[in-house]
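Numbering (my numbering), first residue to last: 1489 to 1734. For every residue, glycine included, the Cβ atom is placed at its ideal position computed from N, Cα and C. Heads up, the thing below is written out as structure tokens.
Right, dumping it as structure tokens:
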């Protein structure tokens, strides 16, 4: 901070490419719970796991995941050798059927379309690539898809439970995933203040009338409107309590 103690400013330069995709892949479960970037897991980063293929929705059923795998391979793996290369990914991203060029944060990127597709393809392959050969094997693609589906379903189900102020249900959901962890989850005694306020409302209290369009517990999607809703519910609860006393 400045010597006078007043606020300072910081400037950062963000690069569109390359993205830290292997970090995202490794820490996807943790990032999905982030209030800052949780929405990116459901939106921007989902394209890496799904190879920008349309119609792939989160599922808890292995049969559906297998269908997702077959669909991606049929569209992207041109020579059907069950290995996806950067060139094959570039070819797929250039097609209108792909979602690659429809999820751009800045339309001006299209001025450099070929370069953009090349960078996106390299990032996407690197996201899945576990042995650093810059190719995606069928097993690597499967592992990424399973992880993405588990994380996304966890986000969806967790949102429903949190929106009903169901702390025990939320804890049970987390514990049900222990078989996927290296060690069993240690449930925290303390949670963020906004979450404590929700749980004080009592199980079954609906915080937001609808979760339509909300994909994460990020500040921008959930916590922002939830804070206002909780305050309103608390005021109503207090008024009802005072009325009973009278």
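1. Taking only runs that begin and end inside the stretch 1496 to 1540, name each unbroken alpha helix (DSSP H) of 4 or more residues, in chain order.
2. Taking DSSP as the reference, what is the three-state secondary structure of residue 1632?
3. On the CB-based measure, 16 or more other CB atoms within 10 Å of its CB, does residue 1704 come out buried or exposed?
4. Among the candidates 1625, 1621 and 1664, whose CA atom is the shortest distance from the CA of residue 1675?
5. Applying the criterion that 16 or more other CB atoms from any shown protein chain within 10 Å of the CB defines a buried residue, is residue 1622 buried or exposed?
6. I'd like the span of the alpha helix (DSSP H) that includes residue 1544, first residue to last.
7. With distances taken between CB atoms, is the gap from residue 1545 to residue 1560 smaller than 8 angstroms?
8. Which one or two residues does DSSP pair with residue 1571 in a beta bridge?
9. Report yes if the C-beta distance between residue 1613 and residue 1579 is below 8 angstroms; otherwise report no.
10. Quick check on the DSSP output: the alpha helix (DSSP H) that includes residue 1812 runs from which residue to which?
11. Is it a yes or a no for the stretch 1679 to 1687 touching the stretch 1628 to 1648, going by three-plus beta-carbon pairs under 8 angstroms?
12. Considering only C-alpha positions, which residue in the set 1514, 1640, 1710 and 1653 is nearest to residue 1691?
13. In the DSSP assignment, find the unbroken alpha helix (DSSP H) run with residue 1590 in it and report its ends.
14. If you draw a straight line from the alpha carbon of residue 1719 to that of residue 1609, how long is it in whole angstroms?
15. What three-state label does DSSP hand residue 1656 in the structure shown?
16. So, with DSSP's three-state summary, where would you put residue 1695?
A quick look at the data gives this:
1. As summarised for the stretch 1496 to 1540, the continuous alpha helix (DSSP H) elements at least 4 residues long and confined to that stretch are 1509 to 1514, 1516 to 1519, 1526 to 1530 and 1534 to 1538, given in chain order.
2. Start at 1 with the first residue of the chain shown, and residue 1632 comes out as number 144. Three-state result, residue 1632: helix.
3. As a working note, residue 1704 is residue 216 in the chain shown. That one is buried.
4. Position 187 of the chain shown, counting from 1, holds the residue named residue 1675. Answer by Cα proximity: 1664.
5. Position 134 of the chain shown, counting from 1, holds the residue named residue 1622. By the neighbour-count definition (other C-beta atoms within 10 Å, threshold 16), residue 1622 is an exposed residue.
6. Locating residue 1544 in the chain shown gives position 56, where the first residue counts as 1. It is not in any alpha helix (DSSP H) - residue 1544 carries neither H nor E in the DSSP assignment.
7. If you number the chain shown from 1, residue 1545 lands on position 57. If you number the chain shown from 1, residue 1560 lands on position 72. Contact flag unset, no.
8. Here residue 1571 corresponds to residue number 83 of the chain shown, with the count starting at 1. According to DSSP, which records beta bridges pairwise, residue 1571 is partnered with 1625.
9. The sequence position of residue 1613 within the chain shown is 125, counting from 1. The sequence position of residue 1579 within the chain shown is 91, counting from 1. No.
10. No answer is possible for residue 1812: it lies beyond the span of the chain, which begins at 1489 and ends at 1734.
11. No: the two stretches stay apart, fewer than three of their Cβ pairs being nearer than 8 angstroms.
12. Mapped onto the chain shown, residue 1691 falls at position 203. That would be 1653, whose Cα lies nearest to the Cα of residue 1691.
13. Here residue 1590 refers to the residue found at position 102 when the chain shown is read from its first residue. Careful: residue 1590 lies outside any alpha helix (DSSP H) and carries neither H nor E.
14. Numbered from its first residue, the chain shown carries residue 1719 at position 231. Numbered from its first residue, the chain shown carries residue 1609 at position 121. When rounded, the separation of the alpha-carbon atoms in residue 1719 and residue 1609 is 46 angstroms.
15. Walking along the chain shown from the start, residue 1656 turns up at place 168. Helix.
16. Working through the chain shown from its first residue, we reach residue 1695 at position 207. Coil.
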